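*Asks:* Residue numbers (my numbering), protein chains in the order written: chain A, 514 to 940; chain F, 318 to 731.
#1: Can you check which of these residues, A/904, A/926 and A/866, is closest to residue 637 of chain A by C-alpha distance?
#2: Do you know offhand how far residue 784 of chain A's Cα is from residue 717 of chain A's?
#3: On a Cα-Cα basis, can you pick out the residue from A/600, A/584 and A/566 that is closest to residue 577 of chain A?
#4: Report yes or no: is there a C-beta of chain A within less than 7 Å of the C-beta of residue 507 of chain F?
#5: Around the Cβ of residue 805 of chain A, are there at least 16 other Cβ atoms within 10 angstroms (buried) or fewer (exposed)?
#6: So residue 536 of chain A packs on residue 728 of chain A, CB below 8 Å; how close in whole Å?
#7: In chain order, what residues of the stretch 685-708 of chain A put their CB closer than 7 Å to some CB of chain F?
#8: Let's see if you can read the secondary structure: which residues bound the beta strand (DSSP E) around residue 943 of chain A?
#9: Decide yes or no for the touch test of the stretch 853-865 of chain A against the stretch 913-923 of chain A: beta carbon pairs closer than 8 Å, at least 3 of them.
#10: Are residue 884 of chain A and residue 781 of chain A closer than 7 Å when you measure CB to CB?
#11: Residue range of the alpha helix (DSSP H) that residue 666 of chain A falls in?
#12: From residue 876 of chain A to residue 882 of chain A, what distance separates their C-alpha atoms?
#13: Using a beta-carbon distance cut-off of less than 8 Å, what residues from the stretch 656-682 of chain A approach chain F?
#14: Would you give the residue range spanned by the alpha helix (DSSP H) that residue 883 of chain A belongs to?
#15: Answer yes or no: does any C-beta atom of chain A fall closer than 7 Å to that of residue 376 of chain F?
#16: Out of curiosity, what's the CA-to-CA distance linking residue 790 of chain A and residue 778 of chain A?
#17: Any beta carbon of chain A sitting closer than 7 Å to that of residue 332 of chain F?
#18: So if DSSP puts residue 543 of chain A in a beta bridge, which residue, or which two residues, is it bridged to?
#19: Where does residue 906 of chain A land, buried or exposed, given buried means 16+ other C-beta within 10 angstroms?
#20: Quick check: residue 854 of chain A and residue 886 of chain A, are their CB atoms within less than 7 Å of each other?
#21: Tell me, please, whether the stretch 341-356 of chain F touches the stretch 492-503 of chain F by the rule of three or more beta-carbon pairs shorter than 8 Å.
#22: According to DSSP, residue 871 of chain A sits in a beta bridge with which residue or residues?
#23: Ignore the nearest five residues each way along the sequence and tell me which others in residue 760 of chain A's own chain have a CB closer than 6 Å to its CB.
#24: At a CB-CB cut-off below 8 Å, which residues of chain F make contact with residue 525 of chain A?
#25: By the criterion of Cβ-Cβ separation under 8 Å, what are the contact partners of residue 616 of chain A in chain F?
#26: Extract the residue ranges of the alpha helix (DSSP H) inside the stretch 577-653 of chain A, only unbroken runs of 4 or more that lie entirely within it.
#27: Decide if the stretch 624-642 of chain A is in contact with the stretch 669-689 of chain A; the criterion is three or more beta carbon pairs, one per stretch, under 8 Å apart.
#28: Given a threshold of 16 other Cβ atoms within 10 Å of its Cβ, counted over all protein chains shown, does residue 529 of chain A qualify as buried or as exposed?
#29: Indicate whether at least one CB of chain F lies closer than 7 Å to the CB of residue 743 of chain A.
#30: Please list, in chain order, the chain A residues whose beta carbon lies closer than 9 Å to that of residue 529 of chain F.
#31: Measuring only the C-alpha atoms, how far is residue 699 of chain A from residue 375 of chain F?
#32: Any Cβ of chain A within less than 7 Å of the Cβ of residue 726 of chain F?
#33: Nearest CA to the CA of residue 834 of chain A: which residue from A/823, A/849, A/825 and A/826?
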C-alpha cells in the first residue's frame, strides 16, 4: 500500500518541489545588463510588454536612460530613420523603449503602466496617438486585442495601487467590460462599485503578485528577440557617423524611392504585395464611412492622461497622419480626420498637455509614410525633429488641470464640428 | 445575510490553480475518512455548502438566492411526484410535473430574448445541469425504477458540489449506490490514482492547451477575420478549427476536474469525453462528445419520443419516426444551449448529420446484403475508408462548432 501511495503522490511531490524551487529561485530584480535591455527595448513583443521585470530592468537602469515610447503598430515599421535607429546611431543620451503593437490602445497602455509607475514618476515619455484607435464602439476589437497584451500582474498592480478614486472606478469598469471572466473580476467589481478591498483581498493581491513576478523573472529572458541586432544595428550602421539633418533627408529619400517603386501610393513594396496582393481595387472607396469622431476610446484616453498627471510625467504626444494618396483612394474623409484630431488636441491642451507634435496634415508629403497609416522615412525624421529636442533638453515640468468631464459618455459621443471650441466641456 | 454574502470572495469552480489549493485542503478529511472506509456525511455537507456558497458569493450573491429557491422548488416537485406515483400513474400529471420542473430553465433561457439580452434574476450558474438531474429523477419515478428517494438524498444528489456548475450529468440511482457504499480501500486508492491523473491531465488540457489555443490562435484568427470582414474569409476557417479544439480542451479539462474531485469523494461520476475527434460518424461522435448530455437526451428525449411515435403509429415508416425524433432531440438540445439562431442552427445541422448518417448506414447494409446474395465480398472497410470517414466527420463537426461559437453572428451583423 505504501508503495502504491508513493507511486501516486511521489511524482507529484517531486514535480511541485521542482517547479516551486525553480520559480522562487528566479531573481525579480536582475542586474542591469545593457545588451539585454537594448534588446527588450526594441523587441516589440507581447512578452516584453507584459513583463514588469524587463520593463523595470531597462527603465530603472541608473546608468542608461531608456524612455518609454507608447504607441502601437508604427513601432514595427523599422526603416533607416526609425527613432530607435537614430537614437542608437547618434548617442543622444536616451534610448526609446518601444511599448505597444498592433491592437494596443489606451486601455492596454493604462494597465501596462501600472507595472512601471516608479519608472514614469517625474520622468519623460513619448506617446503616439493613432486616430485609428478611436473607432465607433461597435467596431471596437478591444475584447480580442486587450487580452493579448494583458497579464494578470497588470491587473493586480492596478488593484494594489488604486485608491477608489473616480479614475480607478472608471478603469475597473472598463476592465470588467473587456475581461468579464478574469480571475480577479471579483476585486475589480468591488473597485468599480466604489467598495474598499478587504484585508484578505490585499493579502491575496500581494501573494499573487509575488508569484507572478517570480514567474515573470523566470520566463522573461527566454527567447528574447534579436530585433536589436537584425533591425536596429543593421540599419544604423549605414547612417553617417555625425548627425546631419540634410544628409539624413537625402538618404531617407533614396531608401524610400527604392522601397516603394511597385505602386503609386508611396507604400512599401512588401506591404503592398502582402496586404493588397498587388491589387488594391477591392479597397477603393471602402473607407468612406470610417469615423474616428465618436468613440469610447476618448474616455479611455483620459485614463492614460490621468495616469500621466498622477505620475507627474512630462509627455510628448505625436499625432500621425494617414497616407494622403491612399486615403483619397479609399475615400477616408480628411475633414472627419481633422475634426477627430481637433477633439483629441482639445482634450490634451485644455488639461495642460501642451507638448503635441501634430503631424496629421503631413500625409501628402513625399516619403512621409511607410504604408497606409504608418510613419516612415521622412515621417520618422519629422517625428525625430519634435521628439529628440524634447528629450535632450531640460523641459519645464508642466502643470496639469484634469477635467473628469472627459470620462463622460457625452464626451465620447460628442461629434466635433469644424473649428469647434468645445465650450460645453470647459472646466 | 446579503451583505455578508456580498463581502465574501467569489470562487468559480476550477477557474484557477488557487481554487484547487482550497479544494484539496477541504477534501483532506474526506479523503482520509474514505481511505479508512468511512464517509463523514456531515463534514461532506458542510464542505459542499461552503464551496457552493463561494461560487455564488461576492457580486454574484443574487444567484445564491435563486439557487436556494430553485432547489426548494425541484425537491418539492420530486417528492410530491414520488408520493403521488405510489398509487397512481396519470399521463397528464407526469407531463405537468416535467413541465413544472423545466419551467425555471425555460424562463431563464427565454428571458434574455425578450429583455435585450438581460439575464433573468431566477437564473444561476448550473441551472441547466440541475434541471437534467431532477427531470431524470421524475423519469425514473415514472418508470417505477425509483421509489425511495428521501429529501436528504435528493438534496445531496442535486447539490453534489464537484459537478454542480457544468456536469457531467449523473443519474440518481447510480449516484446513490456509490454514496451509500463507501468504496473498499483498494478500490478507493485506484480512485485516488485516477483522480491525480485526471487533475494533471485537466491542467494540461484547460490551463495549457486550451489557453494557448485561445491566446495564440483563436483570438488572432478572430481579429484577422473581423478585419477582413465580408461573408466568409480565410481566417474564419482558422477560427473554426481553433474554436473547435479550444472548446474541446477547455470543456474536457473541466470535466476531468469534476470527475477527479467526485472520485476523491468516493463517487464514480461518468466520463464526458472519449476522443471525440476520432469519431467515424455522427452517431459515433455523440457517443464520444459531451457523453452524459447526449446519453441523457438519448434516453429521455429521443427514446421516449420514438416510443410515443411508434405506439401511436404516427408515421408508417420507422425510419421517418427516428428521423423526426433526431430532429426534435437535437433542436431541443440547440434551444437548451440558448435561444439564438446559431445554437438552434447547430442543433438542426447535427440532426441532419444524424439523419444522413442513418440513411447512409441503411444503404450500406442493403448493398452488403445484396452483394452477399450475389456471392460478392462486402464493400471495402479498411484503414483508408475509416480514415476518410473520420476526416469527414471531423470537418463536419468543426463546421458545426463554428456555427455554435456565434462568431458568424459577430462577423455578419456587427
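Beta carbons: idealized from backbone N, C-alpha and C, even for Gly. Owing to the predicted nature of the structure, the values given are computational and were not obtained by experimental measurement.
*Replies:* On the basis of the data shown:
#1: Closest option to residue 637 of chain A, Cα to Cα, is A/904.
#2: Residue 717 of chain A has its alpha-carbon roughly 47 Å from the corresponding atom of residue 784 of chain A.
#3: The shortest C-alpha separation from residue 577 of chain A is found at A/600.
#4: For residue 507 of chain F, no Cβ of chain A is located within less than 7 Å of the residue's own Cβ.
#5: Buried: at least 16 other Cβ atoms inside 10 Å.
#6: Indeed, because the Cβ distance is near 6 Å, the residues count as touching under 8 Å.
#7: Going along the stretch 685-708 of chain A in chain order, one finds 696, 699 and 702 with a Cβ nearer than 7 Å to chain F.
#8: A question about residue 943 of chain A goes unanswered here, because the residues of chain A that appear run from 514 up to 940.
#9: These segments touch.
#10: Yes, these two residues count as a Cβ contact at 7 Å.
#11: First-last of the alpha helix (DSSP H) with residue 666 of chain A: 665-674.
#12: Going by the C-alpha atoms only, they are around 7 Å apart.
#13: Listed by position along the chain: 657, 658, 660 and 661.
#14: For residue 883 of chain A, no alpha helix (DSSP H) segment is defined, and its DSSP state is neither H nor E.
#15: Chain A, which has a Cβ nearer than 7 Å to the Cβ of residue 376 of chain F, makes this yes.
#16: If you take the alpha carbons of residue 790 of chain A and residue 778 of chain A, they lie about 14 Å apart.
#17: Taking Cβ atoms only, chain A reaches closer than 7 Å to residue 332 of chain F, which makes this a yes.
#18: Partner residues in a beta bridge of residue 543 of chain A, as assigned by DSSP, do not exist.
#19: Its Cβ having fewer than 16 others within 10 Å, residue 906 of chain A is exposed.
#20: Going by C-beta atoms, residue 854 of chain A is not nearer than 7 Å to residue 886 of chain A.
#21: Output reads yes: the stretch 492-503 of chain F touches the stretch 341-356 of chain F.
#22: In the DSSP output, where bridge partners are listed per residue, residue 871 of chain A has A/832.
#23: So the list reads 753, once near-sequence residues are dropped.
#24: Identification of chain F residues near residue 525 of chain A by a Cβ-Cβ cut-off of 8 Å yields 513 and 517, ordered along the chain.
#25: Those within 8 Å of residue 616 of chain A in chain F are 540.
#26: If we require 4 residues or more, the alpha helix (DSSP H) runs fully inside the stretch 577-653 of chain A come out as 596-602, 619-626 and 630-633.
#27: Judged by Cβ distances under 8 Å, the stretch 624-642 of chain A makes contact with the stretch 669-689 of chain A, as three or more pairs qualify.
#28: Using a 10 angstroms sphere on the CB of residue 529 of chain A, the tally of other CB atoms stays under 16, which defines it as exposed.
#29: For residue 743 of chain A, the answer is no, since every Cβ of chain F falls outside 7 Å of its Cβ.
#30: Per Cβ cutoff of 9 Å: no residues; residue 529 of chain F is ~13 Å from chain A at best.
#31: Computed Cα separation, rounded: 7 Å.
#32: No, no contact with chain A.
#33: Measuring from the Cα of residue 834 of chain A, the nearest candidate turns out to be A/849.
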